[in-house]
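Scroll down for the structure; my scribbles are underneath it.
Protein chains: 2
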Amino acid sequence: MKNIVDVLNEKIKEMKSPIVVGLDPVIGEIPNCYKEKYKNEADKFKAIGEILFDFNKDIIDAVYNIVPAVKPQNAFYEMYGSEGVKAFERTIKYAKSKGLIVIDDAKRNDIGNTGAVYAKGHLGTVDIGNNEEATAFNADFLTVSPYLGGDSLDPFVDECIKHNKGVFILVKTSNPSSGDIQDRVTESGEKIYEVVAKYIAKQTEKFETESGYCPIGAVVGATYPEQATELRKIMPKNIFLVPGYGAQGATAKDICNAFNEDGLGAVVNSSRGIIFAYKKKYDKETCTREQYMETVKVATELMKNDIVNALIAENKKI
Amino acid sequence: MKNIVDVLNEKIKEMKSPIVVGLDPVIGEIPNCYKEKYKNEADKFKAIGEILFDFNKDIIDAVYNIVPAVKPQNAFYEMYGSEGVKAFERTIKYAKSKGLIVIDDAKRNDIGNTGAVYAKGHLGTVDIGNNEEATAFNADFLTVSPYLGGDSLDPFVDECIKHNKGVFILVKTSNPSSGDIQDRVTESGEKIYEVVAKYIAKQTEKFETESGYCPIGAVVGATYPEQATELRKIMPKNIFLVPGYGAQGATAKDICNAFNEDGLGAVVNSSRGIIFAYKKKYDKETCTREQYMETVKVATELMKNDIVNALIAENKKI
């Protein structure tokens, strides 16, 4: 079986598209056309779960042949409890059925045995009794937080090896305060984000892939282009998940530093800039599903071309 | 309304019990008597959700008048997808109905707006459309990860102020590799865990409580008693959630350092040592619900007495 990182790289090359569409639905911003059908549902959380899924389904249908991957952000589903989580599960399943790679953005972790439980639930298989196992979320990649140290990260790597999955470990995040901990310089002269980056780089030894890339990746915010250059050197063969394009202010040029000379090594995410692009053209009240989907498609194409053009200008053609 | 930290401290004093029972159910270790009823359920995840809830309900019934709080560990529910999360929701609701304080151990966080979404879902209220809000998990406390920095933690503090809730931010965790990041000494001479501790100590200014304690607390592993002493000094008025007693090897004496002279300031968690204590006396196949509950009660009483005796010996009587 092809390693998931090779599948991702092939799709990126075929589509000429290192783009990830973030599925971060916000009920108050979803066009009314998605809500009509469920207006008489007494269980409001159930109704919202159905709306989130229908909304995502249209986004997926609009982008599945333009981008290699989608990234549902867990918080926006979990906020509605189990009904929201059901919409999260259905979204992952539907995206995979359309051939998309799914990055489960949940930033999970815990110590020892408990971290392993998250890894099994999100990426692997879980014990359902009588020596049987089943998949729960079955995502392709999961985002993981490193504060608890190496023995909390190892079980995620093990699960990736066992089930041909990948992770993106938080290294240098895109938010203004990311430096509070991540940029601290330690006595050895390393910054904290370098400590995490070195752990990730080391995992490359455990995988043999066709493209030479490693499915243990890093989250590197587009808002910090200088750090991206530095981190690219520490982790030459790990995939970067790059948030921060568009709504958070990073430009396509900023993002190029996250890529290698072969035009690979990174995927760039945009969420609000794509899934709420419709607001520039239509009203929430009157926008139809067809109109909505068209705006998603156009915004995704524009982003893709913007990133690819910037890569060409930097001689990093895919 | 009394601040949640005052409610917690009053319960601790009334019950003479700074103990938290961790609800970390593992399907393969639950006595068969909980499984019989659901053996014909075709949806295995639904069956497991029902079993986890029944199992927790008995634990809660056994301990609600001995301890002030329970701590369901989210990973053990989420691993079964939305059906597992439904059991998590039901467990929180049932525990609160019995007067227990609920610590939602999910170690969540994300940047800016998304962190706020987790805070609303776990502790506050969420938008359900038409200008209406509803609660999702409605826990009393949530555990939170600090790697993303101050602007990721602030929304949790805001939600605590708004809804009279609390958080425990990871400072020094109980696992062997916790030092990989947390113990790193920065150029300023501070360790990373001290950087986080100082953020937490500063939040005390934002709360006025009867007991003087602050509901923005810290996770401080019992396995690191020296660091607990140091952290107690940096955060004199923040509550510590102390994992690592029992199964992870810390003794009652080790744990005393996490407490102040008034015998307050910390709650000690045990999960496996209580909920799977039955194994010392009974077989999984034949243990009845009544026998199971009795072992939970006895193990909790033993732990409570062990901790309280150690506190008395250290002159830290509650």
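Protein sequence lines correspond, in order, to chains Y and E. For the first sequence, the tail end lands on 318 under my numbering, and the numbers increase by one without skipping. For the second sequence, the tail end lands on 1318 under my numbering, and the numbers increase by one without skipping. Just so it is clear, CB atoms sit at the ideal spot from N, CA and C, and this is done for glycine as well.
task = Measure from the C-beta of residue 72(Y) to each C-beta in chain E and report whether the shortest distance is under 9 Å.
result = Start at 1 with the first residue of the first sequence, and residue 72(Y) comes out as number 72. No, residue 72(Y) lies away from the interface with chain E (no Cβ there is under 9 Å from its Cβ).
query = Taking the C-alpha atoms as reference points, what is the distance between residue 314(Y) and residue 1139(E)?
reply = What you label residue 314(Y) is simply residue 314 of the first sequence in a count that begins at 1. What you label residue 1139(E) is simply residue 139 of the second sequence in a count that begins at 1. In a straight line, the C-alpha of residue 314(Y) is about 50 Å away from that of residue 1139(E).
key: beta strand (DSSP E) segment containing residue 1108(E), residue limits   = Locating residue 1108(E) in the second sequence gives position 108, where the first residue counts as 1. First-last of the beta strand (DSSP E) with residue 1108(E): 1101-1108.
query = Ends of the beta strand (DSSP E) at residue 1270(E)?
reply = For the purposes of this step, residue 1270(E) is identified with residue 270 of the second sequence, where counting begins at 1. Note, residue 1270(E): beta strand (DSSP E), 1266-1270.
ask   = Along chain Y, in chain order, which residues have C-beta atoms closer than 7 Å to that of residue 1112(E)?
value = Position 112 of the second sequence, counting from 1, holds the residue named residue 1112(E). Within chain Y, the residues near residue 1112(E) are 175.
ask   = Since residue 82(Y) contacts residue 1086(E) with CB under 8 Å, what's their CB separation in whole angstroms?
value = Numbered from its first residue, the first sequence carries residue 82(Y) at position 82. Numbered from its first residue, the second sequence carries residue 1086(E) at position 86. The Cβ separation is near 4 Å, so the contact holds.
request  = Would you decide whether residue 249(Y) is buried or exposed? Buried here means 16 or more other CB atoms lie within 10 Å of its CB.
outcome  = By one-based count along the first sequence, residue 249(Y) stands at place 249. Burial call: exposed.
query = Which residues mark the beginning and the end of the alpha helix (DSSP H) in which residue 309(Y) is found?
reply = Indexing the first sequence from 1 puts residue 309(Y) at position 309. Taken as a continuous stretch (DSSP letters only), the alpha helix (DSSP H) holding residue 309(Y) covers 289-313.
inquiry  = So residue 1145(E) and residue 1109(E) are supposed to be a Cβ contact under 8 Å. How far apart are they, rounded?
reply    = Here residue 1145(E) refers to the residue found at position 145 of the second sequence. Here residue 1109(E) refers to the residue found at position 109 of the second sequence. Right, their Cβ atoms sit about 5 Å apart.
task = Kindly indicate which residue of 1164(E), 1212(E), 1182(E), 1162(E) has the alpha-carbon position closest to the one of residue 1170(E).
result = By 1-based counting over the second sequence, the position of residue 1170(E) is 170. Looking at the Cα atoms, 1182(E) is the closest of the given residues.
ask   = Can you list, in chain order, the residues of the segment 1085-1111 of chain E whose Cβ is nearer than 7 Å to any Cβ on chain Y?
value = 1085, 1086, 1089, 1107, 1109, 1110, 1111
request  = Using the Cα positions of residue 1278(E) and residue 1291(E), report the straight-line distance between them to the nearest angstrom.
outcome  = As a working note, residue 1278(E) is residue 278 in the second sequence. As a working note, residue 1291(E) is residue 291 in the second sequence. Near 8 Å, if we compare the C-alpha coordinates of residue 1291(E) and residue 1278(E).
query = Helix, strand or coil: which one does DSSP assign to residue 1073(E)?
reply = Here residue 1073(E) is taken as the residue at index 73 of the second sequence, counted from 1. Strand, per DSSP.
query = What runs of the alpha helix (DSSP H), each 4 residues or longer, lie entirely inside the segment 1150-1192 of chain E?
reply = 1150-1163, 1179-1182
task = Using the Cα positions of residue 167(Y) and residue 141(Y), report the straight-line distance between them to the nearest angstrom.
result = In the first sequence, residue 167(Y) corresponds to position 167, counting from 1. In the first sequence, residue 141(Y) corresponds to position 141, counting from 1. Cα to Cα, residue 167(Y) sits roughly 5 Å from residue 141(Y).
Residue 44(Y) versus residue 156(Y) - alpha carbon distance = Here the question's residue 44(Y) lines up with position 44 in the first sequence. Here the question's residue 156(Y) lines up with position 156 in the first sequence. Rounded to the nearest angstrom, the two C-alpha atoms are 35 Å apart.
ask   = Quick one: what does DSSP say residue 8(Y) is sitting in, helix, strand or coil?
value = Position 8 of the first sequence holds residue 8(Y). Helix, per DSSP.
inquiry  = Looking at the strands, I want to know which residues DSSP matches up with residue 217(Y).
reply    = Looking up residue 217(Y) in the first sequence gives position 217. In the DSSP output, where bridge partners are listed per residue, residue 217(Y) has 168(Y).
ask   = Around the C-beta of residue 1(Y), are 16 or more other C-beta atoms found within 10 angstroms, so that it is buried, or is it exposed?
value = Residue 1(Y) sits at position 1 when you count from the first residue of the first sequence. Counting Cβ neighbours within 10 Å, residue 1(Y) comes out exposed, since fewer than 16 surround it.
inquiry  = Which runs of the alpha helix (DSSP H) at least 4 residues long sit entirely within the segment 1211-1263 of chain E? Give them in chain order.
reply    = 1225-1234, 1252-1256
key: DSSP state of residue 967(E) mapped onto helix, strand, coil   = Chain E is shown from 1001 up to 1318; residue 967(E) falls before or after that span and cannot be answered.
ask   = Buried or exposed: which applies to residue 174(Y), given that a residue is buried once 16 or more other Cβ atoms fall within 10 Å of its Cβ?
value = Taking the first residue of the first sequence as position 1, residue 174(Y) is located at position 174. Buried, because 16 or more other Cβ atoms sit within 10 Å of the Cβ of residue 174(Y).
request  = Look up residue 124(Y) in the DSSP assignment and say whether it is helix, strand or coil.
outcome  = Taking the first residue of the first sequence as 1, we reach residue 124(Y) at position 124. In this structure, residue 124(Y) counts as coil in the three-state DSSP scheme.
message = Going by DSSP, what residue range makes up the alpha helix (DSSP H) through residue 88(Y)?
response = Mapped onto the first sequence, residue 88(Y) falls at position 88. That run of the alpha helix (DSSP H) goes 81-97.
ask   = Near residue 211(Y), which residues of its chain fall below 6 Å by C-beta distance, leaving aside the five closest residues on each side in sequence?
value = As a working note, residue 211(Y) is residue 211 in the first sequence. Answer for residue 211(Y): 6, 9, listed in chain order.
Beta carbon proximity, residue 209(Y) to chain E, threshold 9 Å = By one-based count along the first sequence, residue 209(Y) stands at place 209. Taking Cβ atoms only, chain E never reaches closer than 9 Å to residue 209(Y), which makes this a no.
message = When you compare the CB of residue 195(Y) with every CB in chain E, is at least one pair closer than 9 Å?
response = Here residue 195(Y) corresponds to residue number 195 of the first sequence, with the count starting at 1. It does; some Cβ of chain E falls within 9 Å.
ask   = Whose Cβ in chain E lies nearer than 7 Å to the Cβ of residue 137(Y)?
value = Here the question's residue 137(Y) lines up with position 137 in the first sequence. Within chain E, the residues near residue 137(Y) are 1081.
request  = Check distances from the C-beta atoms of the segment 1166-1192 of chain E to those of chain Y and list, in chain order, the residues that come in under 8 Å.
outcome  = 1170, 1173, 1174, 1175, 1176, 1177, 1178, 1179, 1180, 1181, 1182, 1184, 1185, 1186, 1187, 1192
query = So with Cβ pairs under 9 Å, would you call residue 255(Y) a contact of chain E?
reply = Along the first sequence, one-based indexing puts residue 255(Y) at 255. For residue 255(Y), the answer is no, since every Cβ of chain E falls outside 9 Å of its Cβ.
ask   = Of all the CB atoms in chain E, is at least one closer than 9 Å to the CB of residue 132(Y)?
value = The count along the first sequence starts at 1 and reaches residue 132(Y) at position 132. Interface residue, yes.
inquiry  = Residues of the segment 45-71 of chain Y in Cβ contact with chain E at a cutoff of 8 Å, in chain order, please.
reply    = 45, 48
query = Do residue 971(E) and residue 1069(E) have their C-beta atoms within less than 9 Å of each other?
reply = Because chain E in this structure spans residues 1001 to 1318, residue 971(E) falls outside the shown range and cannot be described.
task = Please confirm if residue 220(Y) has its CB atom under 9 Å from at least one CB of chain E.
result = For the purposes of this step, residue 220(Y) is identified with residue 220 of the first sequence, where counting begins at 1. No, no contact with chain E.
inquiry  = Can you confirm whether the segment 1070-1077 of chain E touches the segment 34-43 of chain Y when touching is taken to mean that 3 or more C-beta pairs between the two stretches lie within less than 8 Å?
reply    = no
request  = Output, in chain order, the set of chain Y residues within a Cβ distance shorter than 9 Å of residue 1146(E).
outcome  = Position 146 of the second sequence, counting from 1, holds the residue named residue 1146(E). What residue 1146(E) touches in chain Y: 147, 180, 181.
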